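Engineer: Before anything else, here's the structure in question.
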Amino acid sequence: MTLSTIGGWSRRLVGTAALATLLLSTTAFGAAAFQQSPMLDAAVADGSLPPIEQRLPPEPLVVTPVSEVGSYGGTARAMRSSTEEFGDATSVVGIESLTRLNAEDGATIEPNLAQSWEWSNDDKTLTMTLRKGLKWSDGEPFTTADIAFWWDDVINNAELTPTMPGDWMSAGEPMTVTVVDEQTFKLDFKAPNRLIELLIARDGYQGQIFLPAHFLKPFHPKYADPAKLAEMAKAAGYATWAELFAQKALSDDVFGVANFDSPVIRAFKPVSAIGSHLILERNPFYFKVDTEGNQLPYIDKVDVDLVQNPEVYTLKASSGEADLALENTTITQMPVFIDNAEKGGYRVLEYSAGFTNIANMMLNQTVADPDKRALFQDIRFRKALEIAINRDEINELVFFGLGTPMQNSILPIGGRCWDEAVSKTNTQFDPDGAKALLDEIGMKMDGEWRTLPNGKPFKFTLTYWPGEGGDAKRKIVELTQTYFRNIGLNFDVREVERSLYFEFTTSNQHDMGLWHADSATDPLWVTGPKIIPRTQRHGAFATLWATWFETHGEKGEEPPRDMKDAMAAWEKAKATGTPEALVEGCKAVVKANADGAWTIGTVGAFPQPLIVSNAMRNIPEQGMASWDWGYMARYHPEQFYLAQ
119 MTLSTIGGWS RRLVGTAALA TLLLSTTAFG AAAFQQSPML DAAVADGSLP PIEQRLPPEP
179 LVVTPVSEVG SYGGTARAMR SSTEEFGDAT SVVGIESLTR LNAEDGATIE PNLAQSWEWS
239 NDDKTLTMTL RKGLKWSDGE PFTTADIAFW WDDVINNAEL TPTMPGDWMS AGEPMTVTVV
299 DEQTFKLDFK APNRLIELLI ARDGYQGQIF LPAHFLKPFH PKYADPAKLA EMAKAAGYAT
359 WAELFAQKAL SDDVFGVANF DSPVIRAFKP VSAIGSHLIL ERNPFYFKVD TEGNQLPYID
419 KVDVDLVQNP EVYTLKASSG EADLALENTT ITQMPVFIDN AEKGGYRVLE YSAGFTNIAN
479 MMLNQTVADP DKRALFQDIR FRKALEIAIN RDEINELVFF GLGTPMQNSI LPIGGRCWDE
539 AVSKTNTQFD PDGAKALLDE IGMKMDGEWR TLPNGKPFKF TLTYWPGEGG DAKRKIVELT
599 QTYFRNIGLN FDVREVERSL YFEFTTSNQH DMGLWHADSA TDPLWVTGPK IIPRTQRHGA
659 FATLWATWFE THGEKGEEPP RDMKDAMAAW EKAKATGTPE ALVEGCKAVV KANADGAWTI
719 GTVGAFPQPL IVSNAMRNIP EQGMASWDWG YMARYHPEQF YLAQ
């Protein structure tokens, strides 16, 4: 298929969005009048909500709209593919961390909930100052007490956090958190740790360092009667107080979609669920305004439809049933999107995908079956799988030739972390070479399929969730099944829901897993690389080794030297934080992954369709689509609006 046959669609070179007009400042409006959504007028009039001047901070954060000052009102329609997450709603609801990354370059750290921060001369102490007058969505103050509660009563409570997260450690010891006053706090580390600054800006939504203390204390035994708390947990259907607390603590987390009780700090709050629809409403205490003093967000509500079938997602997106669709749009469906755009009342933007692979396959080297484990740990078998894949064919059939066959690397192509030779490791299509490697191992043909080296029958299964790339993932999986079977391997596929996928992989009940290769952009790779076995959740290529790393050697199995060296290279880059250290660590990690064939890459760096309704405005025309920045959360969705 040539580009000329796809509805006139032509390829454009798209990098990160050039949003020179999107600026942030922290300036007081003085006597200028603030404006609010008419949705809130009645609540102010009857006294159930304070006037806007009392709801905003003295110095609200000012967002310059992408194109124009918007208008209030409307319900934005979005979709999600799992009950665990917001899906495309993240791109409308946004993410709020203490600091944030600049929309244009995706790397410069800017103020957000924190208005300033400063490092000590030895780079061991980070002092942060919160914006004065911040409030949770219930009107209660947001202060350093919320950070102290998170650290003292959640992270340092063994029942809630059995293992200290490595992100908050340096030189083998946890950081210390010191509250100076209601706005100022300090993070102290045993060794220099400048990368924590990037982590806070990028991972505020997963490794967030605050929780609503006023709301959660009644569910914590330090502040509540343990006996009554146990009764409360039992009545709610939980075995322990910790389980009840964990549910209640899903407050401002991207995955906290089931909790309608907790206050939030972001622009929208979940308020109800109707059938397959999750409804969110604007936060009346949100701390940002536009350049004319209008409190953001412009949009009043968000309606998020649960659509777990990728084909149904495409149908709904192409028929105009969403105001923004991105997470499960794929280039494979670009002709459908373009052909239906006028009728569906939307436009199709072409963003750059921040993935080195949408289908990153991981053979589990710590699988429970001893025969499979011995085989999977034989690098000849892993290399045979790599060279059995026809990546050029995948690129043509799935990505219209617009992607790049590669192993897992760090984008952008040609950037400071890029290594062309490493990205091409074992990407050549060589089925005869693959067969020769299997013969060398001793996997003989017995009828249609090869046996294990000991002569036993052999069959292995790929477990995967098709979300976040649905149609493309499925097509790649189907092609890969053919490639593996063509070299005599009895290879099966098991498609599951997202939560079940992680149940299988984190409990070591899988032969092979598949996930999309995000966390693969410079400089954000260092905050959570998925090409080393850092966590059980994404270490599907070695679950027990990942467990060993994640628990600091207390559980799991001790990994081999090459994985230890890669983890050490990452730790060094994270701790040092200099440009030289980041590049050195990045290249070491990528090379170790490629040399060890820990993950099997296919095709990356492909265009990403963004479906935007004609009513949705202030969307950048170009940009990068990646979970690294929470998809469109990078581009200040609080200033998106629906033209009435």
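With this note's numbering applied, the sequence shown covers 119 to 762. In this text, a Cβ means the ideal position worked out from N, Cα and C, and glycines have one as well. Remember, predicted model here, so these are calculated numbers, not experimental data.
Pick from 589, 160, 219 and 619: whose alpha carbon is nearest that of residue 751?
Structural biologist: Position 633 of the sequence shown, counted from the start, is the residue given in the question as residue 751. Looking at the Cα atoms, 219 is the closest of the given residues.
Engineer: So residue 62 packs on residue 727, CB below 8 Å; how close in whole Å?
Structural biologist: This structure does not reach residue 62, given that the chain is present from 119 up to 762, and the question cannot be answered.
Engineer: I'd like the span of the beta strand (DSSP E) that includes residue 103, first residue to last.
Structural biologist: Because the chain here runs from 119 to 762, residue 103 falls outside it and cannot be looked at.
Engineer: Give the DSSP bridge partners of residue 428, in chain order.
Structural biologist: For the purposes of this step, residue 428 is taken as residue 310 along the sequence shown, with counting starting at 1. The partner list for residue 428 (beta bridge, DSSP) is empty, contrary to what the question assumes.
Engineer: Residue 722 by DSSP, collapsed to three states: which one?
Structural biologist: As a position in the sequence shown, residue 722 is number 604, starting the count at 1. Three-state result, residue 722: strand.
Engineer: State buried or exposed for residue 355, treating a residue as buried only when at least 16 other CB atoms are found within 10 Å of its CB.
Structural biologist: In the sequence shown, the residue the question calls residue 355 occupies position 237. Under this definition residue 355 is an exposed residue.
Engineer: Output the boundary residues of the beta strand (DSSP E) element that contains residue 397.
Structural biologist: In the sequence shown, counting from the first residue as 1, residue 397 sits at position 279. That run of the beta strand (DSSP E) goes 395-400.
Engineer: Looking at residue 722 and residue 475, is the spacing between their C-beta atoms short of 8 Å?
Structural biologist: Here residue 475 is taken as the residue at index 357 of the sequence shown, counted from 1. Here residue 722 is taken as the residue at index 604 of the sequence shown, counted from 1. Yes, the pair counts as a contact, with Cβ atoms nearer than the cut-off.
Engineer: Roughly how far, in whole angstroms, is the beta-carbon of residue 227 from the beta-carbon of residue 316, given that I think they are within contact range, below 8 Å?
Structural biologist: Taking the sequence shown and counting its residues from 1, the one referred to as residue 227 is at position 109. Taking the sequence shown and counting its residues from 1, the one referred to as residue 316 is at position 198. Indeed, because the Cβ distance is near 7 Å, the residues count as touching under 8 Å.
Engineer: Under a three-way DSSP split, which group does residue 701 fall into?
Structural biologist: Here residue 701 refers to the residue found at position 583 when the sequence shown is read from its first residue. Looking at residue 701 - three-state DSSP - the assignment turns out to be helix.
Engineer: To the nearest angstrom, report how far apart residue 675 and residue 278 are at their CA atoms.
Structural biologist: To locate residue 675, count along the sequence shown from 1; it is residue 557. To locate residue 278, count along the sequence shown from 1; it is residue 160. C-alpha separation (whole angstroms): 24 Å.
Engineer: Beta-carbon separation of residue 681 and residue 418 under 8 Å?
Structural biologist: Walking along the sequence shown from the start, residue 681 turns up at place 563. Walking along the sequence shown from the start, residue 418 turns up at place 300. Not in contact: residue 681 and residue 418 (Cβ atoms no closer than 8 Å).
Engineer: Sorted by chain position, which residues of the same chain lie with C-beta nearer than 8 Å to residue 631's C-beta, five sequence neighbours on each side aside?
Structural biologist: Here residue 631 corresponds to residue number 513 of the sequence shown, with the count starting at 1. Excluding positions up to five away in sequence, the list reads 479, 480, 482, 580, 581, 582, 619, 622, 623, 658 and 659.
Engineer: Following the continuous alpha helix (DSSP H) through residue 274, name the residue where it begins and the one where it ends.
Structural biologist: Along the sequence shown, one-based indexing puts residue 274 at 156. Taken as a continuous stretch (DSSP letters only), residue 274 belongs to no alpha helix (DSSP H), as it is neither H nor E.
Engineer: At a cut of 8 Å, does the segment 251-263 reach the segment 381-391 through at least three beta carbon pairs?
Structural biologist: yes
Engineer: What does a CB cutoff of less than 7 Å around residue 405 pick up in its chain, not counting 5 residues either side in sequence?
Structural biologist: As a first step, residue 405 must be located in the sequence shown, where it is residue number 287. So the qualifying residues of the chain are 174, 175, 178, 179, 249 and 252.
Engineer: For residue 296, collect the residues of the same chain with a Cβ closer than 6 Å to its Cβ; drop the 5 residues on either side in sequence, then sort them by chain order.
Structural biologist: Taking the first residue of the sequence shown as 1, we reach residue 296 at position 178. Excluding sequence neighbours, residue 296 sits near 304.
Engineer: How many Å lie between residue 427 and residue 456 at the Cα?
Structural biologist: Position 309 of the sequence shown, counted from the first residue, corresponds to residue 427. Position 338 of the sequence shown, counted from the first residue, corresponds to residue 456. Each residue's alpha carbon lies about 21 Å from the other.
Engineer: In angstroms, rounded to a whole number, what distance separates the CA positions of residue 687 and residue 327?
Structural biologist: For the purposes of this step, residue 687 is taken as the residue at position 569 of the sequence shown. For the purposes of this step, residue 327 is taken as the residue at position 209 of the sequence shown. When rounded, the distance between both Cα atoms is 26 Å.
Engineer: Assuming residue 558 contacts residue 603 under a Cβ cut-off of 8 Å, what Cβ separation, rounded to an integer in Å, is found between them?
Structural biologist: Counting from 1 along the sequence shown, the entry for residue 558 is found at position 440. Counting from 1 along the sequence shown, the entry for residue 603 is found at position 485. The pair is not a contact, with the Cβ atoms about 20 Å apart (cut-off 8 Å).
Engineer: Do you know offhand how far residue 244's Cα is from residue 260's?
Structural biologist: Numbered from 1 along the sequence shown, position 126 holds the residue referred to as residue 244. Numbered from 1 along the sequence shown, position 142 holds the residue referred to as residue 260. Between residue 244 and residue 260, the C-alpha separation is close to 20 Å.
Engineer: Which stretch, first to last residue, makes up the beta strand (DSSP E) that contains residue 676?
Structural biologist: The residue you call residue 676 lines up with position 558 of the sequence shown. It is not in any beta strand (DSSP E) - residue 676 carries neither H nor E in the DSSP assignment.
Engineer: For residue 727, which residues does DSSP report across the bridge?
Structural biologist: Here residue 727 corresponds to residue number 609 of the sequence shown, with the count starting at 1. In DSSP, residue 727 forms a bridge with 468.
Engineer: Here's the rule: buried if 16 or more other CB atoms are within 10 angstroms of the residue's CB, otherwise exposed. What is residue 134?
Structural biologist: The residue you call residue 134 lines up with position 16 of the sequence shown. In this predicted model, residue 134 has a pLDDT of only 31, less than 50, meaning its place in the structure is not dependable; the value taken from the coordinates is given anyway. Residue 134 should be labelled buried.
Engineer: Excluding the 5 residues flanking residue 699 on each side, which residues of the same chain have their C-beta closer than 7 Å to its C-beta?
Structural biologist: The count along the sequence shown starts at 1 and reaches residue 699 at position 581. Apart from the 5 residues on each side of it in sequence, residue 699 sits with its Cβ closer than 7 Å to the Cβ of 690 and 691 in its chain, given in chain order.
Engineer: Quick check: the Cα distance between residue 693 and residue 284, rounded to an integer number of angstroms?
Structural biologist: Within the sequence shown, numbered from 1, the residue matching residue 693 stands at position 575. Within the sequence shown, numbered from 1, the residue matching residue 284 stands at position 166. The straight-line gap separating the alpha-carbon atoms of residue 693 and residue 284 is approximately 12 Å.
Engineer: Could you check which residue in 357, 217 and 222 has the C-alpha nearest to that of residue 318?
Structural biologist: In the sequence shown, the residue the question calls residue 318 occupies position 200. With distances taken between Cα atoms, residue 318 lies closest to 217.
Engineer: Check whether the segment 558-570 touches the segment 590-602, counting contact only when three or more Cβ pairs, one atom from each stretch, lie closer than 8 Å.
Structural biologist: no
Engineer: Could you spell out the range, first to last residue, of the alpha helix (DSSP H) harbouring residue 540?
Structural biologist: Here residue 540 refers to the residue found at position 422 when the sequence shown is read from its first residue. Looking at the DSSP string, the run of the alpha helix (DSSP H) that includes residue 540 is 538-541.
Engineer: If I measure Cβ to Cβ from residue 695 and keep anything under 6 Å in the same chain, skipping five residues before and after, which residues do I get?
Structural biologist: Along the sequence shown, read from residue 1 onward, the residue named residue 695 stands at position 577. Closer than 6 Å at the Cβ level, and outside the excluded window around residue 695, lie 312 and 313.
Engineer: With distances taken Cα to Cα, identify the nearest neighbour of residue 625 among 484, 307 and 593.
Structural biologist: In the sequence shown, counting from the first residue as 1, residue 625 sits at position 507. For the residues 484, 307 and 593, the minimum Cα distance to residue 625 belongs to 484.
Engineer: DSSP three-state label for residue 631, please.
Structural biologist: Along the sequence shown, one-based indexing puts residue 631 at 513. Correct three-state label for residue 631: strand.
Engineer: In the structure shown, what three-state DSSP assignment does residue 817 receive?
Structural biologist: No statement about residue 817 is possible, as the shown extent of the chain runs from 119 to 762 and does not include it.
Engineer: Less than 6 Å between C-beta atoms, sequence neighbours within five positions excluded: which residues of the same chain meet that for residue 195?
Structural biologist: Translated into the one-based positions of the sequence shown, residue 195 becomes position 77. Closer than 6 Å at the Cβ level, and outside the excluded window around residue 195, lie 421, 440 and 441.
Engineer: Would you call residue 753 buried or exposed, if buried means 16 or more other Cβ atoms sit within 10 Å of its Cβ?
Structural biologist: Taking the sequence shown and counting its residues from 1, the one referred to as residue 753 is at position 635. That one is buried.
Engineer: Is residue 762 closer than 8 Å to residue 183 when the C-beta atoms are compared?
Structural biologist: In the sequence shown, residue 183 corresponds to position 65, counting from 1. In the sequence shown, residue 762 corresponds to position 644, counting from 1. For residue 183 and residue 762, no; Cβs fall outside 8 Å.
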